[in-house]
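Residue numbering for the sequence shown follows numbering that gives the first Met the number 0, beginning at 0 and increasing consecutively.
Every residue, glycine too, gets a C-beta built ideally from N, C-alpha and C.
A quick write-up on the structure given underneath.
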Amino acid sequence: MRSKLMIFFLLLLTLTFAVFTAGKIIFLLTYEFAIFILLNYLYLRYVKNSLDLYIIAHEEKFTVGEEAEYEINLINNSFLPVFNVEIRDYSTVSGKFGLMEGYLASFKNKKFKKKFTLPRRGIYFVGPFELKIQDPFGIFTRVKFYDFKIKLKVFPKVRDIKPSLKAAQQLGIVEAKNRAFEDYTNMLQLRKYVPGDSIKRIHWKVSAKKGELYAKEFQISAMSEVYLLWDLNKGHFLDDVDGKLDEECAECMVSVAKYCLLAGIPVNLLDYPSGQVQVRGRSIKDFGAFMEASIKNFPVYDKGILDFEELDVVIPKDATLVLITPYLDSFVLNKLHELQDTGVEVLIYYVNDYGKIKDKIDKIRVGMVFWRHKNGEKVKGSFV
């Protein structure tokens, strides 16, 4: 800006001097000076329209801890070189480029590659970007803004676990204490119609071909319906400076959900602010919804577990409540004990150090799993 003002001041000064002196040489110099400024302006305007910026990200879905990469490709489509160009990267990822400067020859391109590690789950954006171009003498500056963004989704790790879901009977492939029923989404075989069969069982297409009635027989199933309550009270994560505890809770949630879905157990994720069901799943095809929920929910609420006064209404009797939490106190345990007394099976996944609740172990009357050892290592089924 200062150089631009100085140039125009000199132009005005020479023009004034030429008018008052009426010298031909001074007028000639003034015209040449004005043409010089105009050419710089036209040059900058031309090269600005000749520059293109492309962003390439080969992958858009990642797991926490994986390395991501994106590439910036700056192309000069003109026969004039670009003497001074800056690229500003406004991406939300921690490994963004920041500021890049350089010279770009005519009809050439320049590529910048950036690799970075994704330490936290969530949704990140590569972009937007800004080009700052100057003429060779730094008189004029033009800015070209690229408002496009590439969305990167970073999901928590999923671990193989075996939760302790109690059962009173074994039917089909899943142990459950719930009532048994036929799974109408899973046909076992066809058999001849038996008087007394429901008309809804008749397979009309096969019956027409065979000339006699055939009925559908379904897989007998017994499902322990599971409700996941993921603790998102920000007060329970005050010591979680690096976000590791939050990541482990998310990791635990998706791991339990995947186990249930693979086993054919219906699983529901409760919405923390409202206590209502946020995500429902019946088969592994529904697992993507739980992964999406894991990158949209974070410990930002003031609400505590004790505020869920209607859990016994939301969760049906004989279902299982899985609480995923880094925090337990006597009030929470009493609430869980009361819920279990209503007929709901309660299982706690405790995602924190054992020493923090060592003095409360004897008071716990519900199922419990420690997600990590005393030294912080993961476990796959430590039960109390």
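Check                                                                                                                                                            : Outcome
For Asn-134, which residues of its own chain have a beta-carbon under 6 Å away from its beta-carbon, when the five flanking residues on both sides are left out? : Reading off the sequence, residue 134 comes out as Asp, not Asn. These residues qualify, in order along the chain: Asn-39, Tyr-42 and Leu-43.
In terms of residues, what are the limits of the beta strand (DSSP E) holding Asn-267?                                                                           : 266-269
Taking Glu-224 and Pro-265 to be in contact with their CB atoms under 8 Å, please state how far apart those CB atoms are, rounded to whole angstroms.            : 5 Å
Using the C-alpha atoms, what's the distance from Phe-139 back to Pro-80?                                                                                        : 16 Å
Considering only the alpha carbon of each residue, which of Leu-228, Phe-61, Pro-298 and Leu-335 lies closest to Val-255?                                        : Leu-228
Going along the chain, which unbroken runs of the beta strand (DSSP E) with 3 or more residues stay wholly within the stretch 117-171?                           : 121-125, 128-133, 140-145, 149-154 and 168-170
Can you list, in chain order, the residues of its chain whose CB lies under 7 Å from that of Lys-150, leaving out five sequence neighbours each side?            : Glu-59, Ile-122 and Phe-124
CA-CA distance, Arg-281 and Gly-366?                                                                                                                             : 23 Å
So for Ile-347, helix, strand or coil by DSSP?                                                                                                                   : strand
Mapping the DSSP letters down to three states, classify Gln-339 as helix, strand or coil.                                                                        : helix
Taking Cβ positions, are Leu-268 and Gln-277 nearer each other than 8 Å?                                                                                         : yes
Opposite Asp-239 in the DSSP bridges: which residues?                                                                                                            : DSSP lists no partner for Asp-239.
At what residues does the alpha helix (DSSP H) containing Asp-88 begin and finish?                                                                               : Here Asp-88 belongs to no alpha helix (DSSP H); instead the beta strand (DSSP E) covers 81-88.
Kindly indicate which three-state DSSP category Tyr-53 falls into: helix, strand or coil?                                                                        : strand
Run the CB neighbour count on Thr-29, radius 10 Å, all protein chains shown included, and call it buried at 16 or more, exposed below.                           : buried
Decide if Leu-261 is buried, meaning its Cβ has at least 16 other Cβ atoms within 10 Å, or exposed.                                                              : exposed
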